[in-house]
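Undergrad:
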Amino acid sequence: MPITVLIVDDHPSFRSVARMLLETEGYDVVGEAPDGEAALELAEQLQPDVVLLDLGLPGIDGFEVARRLPAGPAIVLVSSRDKRDIGPLEDPVKGFIAKAELTGDALREVLAT
Numbered sequence: 019m020p021i022t023v024l025i026v027d028d029h030p031s032f033r034s035v036a037r038m039l040l041e042t043e044g045y046d047v048v049g050e051a052p053d054g055e056a057a058l059e060l061a062e063q064l065q066p067d068v069v070l071l072d073l074g075l076p077g078i079d080g081f082e083v084a085r086r087l088p089a090g091p092a093i094v095l096v097s098s099r100d101k102r103d104i105g106p107l108e109d110p111v112k113g114f115i116a117k118a119e120l121t122g123d124a125l126r127e128v129l130a131t
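Residue numbers (the numbering used here): 19 to 131.
(1) With respect to the alpha helix (DSSP H) encompassing E41, which residues constitute its N-terminal and C-terminal limits?
(2) Straight-line CA distance for P30 to P52?
(3) Output the distance between the C-alpha atoms of P20 and D46, rounded to the nearest integer angstrom.
(4) Have a look at S34 and V69 and give me their C-alpha separation to the nearest angstrom.
(5) Let me check understanding here. Comparing Cα to Cα, which of L73, A89, G90 lies closest to E82?
(6) Looking at the secondary structure, which residues open and close the beta strand (DSSP E) in which A118 lies?
(7) So L95 and F114 are supposed to be a Cβ contact under 8 Å. How far apart are they, rounded?
(8) Over the uninterrupted beta strand (DSSP E) stretch that includes A51, give me the two end residues.
(9) Would you mind sorting D27 into buried or exposed? The rule is 16 or more other CB atoms within 10 Å of its CB.
(10) With L60 as the anchor, note down where its alpha helix (DSSP H) starts and where it stops.
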């Protein structure tokens, strides 16, 4: 059974590219959200295995969304910023992938840690 993913990013072009890339790699993208409020609603409805979460969301930022998400999904933060600019990752965040480095292998690597 493929890993289910919810993509949360305010840029439609990134969501589209991420969906195509992940589906090509065998992931099942079950939903997309343009902001934190929608992400929280969809995560509760869809119960994905992974939430791919942009840090720079309008309204509720990615860190706050991560804190509010229901227990269960692995949360992987994505950003155009460098990981050194993000600081230490806190539970329930599983890892970080720079947007330019997003691949199926990179996601598998983060999930395996």
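Note that the Cβ used here is the ideal one computed from N, Cα and C, for glycine as well.
TA: If we stick to the structure as given:
(1) Locating residue 41 in the sequence shown gives position 23, where the first residue counts as 1. Taken as a continuous stretch (DSSP letters only), the alpha helix (DSSP H) holding E41 covers 30-42.
(2) Numbered from 1 along the sequence shown, position 12 holds the residue referred to as residue 30. Numbered from 1 along the sequence shown, position 34 holds the residue referred to as residue 52. Distance between the alpha carbons of P30 and P52 is about 8 Å.
(3) Mapped onto the sequence shown, residue 20 falls at position 2. Mapped onto the sequence shown, residue 46 falls at position 28. Taking the straight line joining both Cα atoms gives about 6 Å.
(4) Position 16 of the sequence shown, counted from the first residue, corresponds to residue 34. Position 51 of the sequence shown, counted from the first residue, corresponds to residue 69. Taking the straight line joining both Cα atoms gives about 15 Å.
(5) For the purposes of this step, residue 82 is identified with residue 64 of the sequence shown, where counting begins at 1. Answer by Cα proximity: L73.
(6) One-based indexing of the sequence shown puts residue 118 at position 100. A118 -> no beta strand (DSSP E), and no H or E assigned at all.
(7) Position 77 of the sequence shown, counting from 1, holds the residue named residue 95. Position 96 of the sequence shown, counting from 1, holds the residue named residue 114. A Cβ-Cβ distance of about 5 Å is found for the pair L95 and F114, placing them in contact under the 8 Å criterion.
(8) Numbered from 1 along the sequence shown, position 33 holds the residue referred to as residue 51. Element bounds for A51: 46-51.
(9) Taking the sequence shown and counting its residues from 1, one reaches residue 27 at position 9. The C-beta of D27 has 16 or more other C-beta atoms within 10 Å across all chains shown, which makes the residue buried.
(10) For the purposes of this step, residue 60 is taken as residue 42 along the sequence shown, with counting starting at 1. That run of the alpha helix (DSSP H) goes 54-64.
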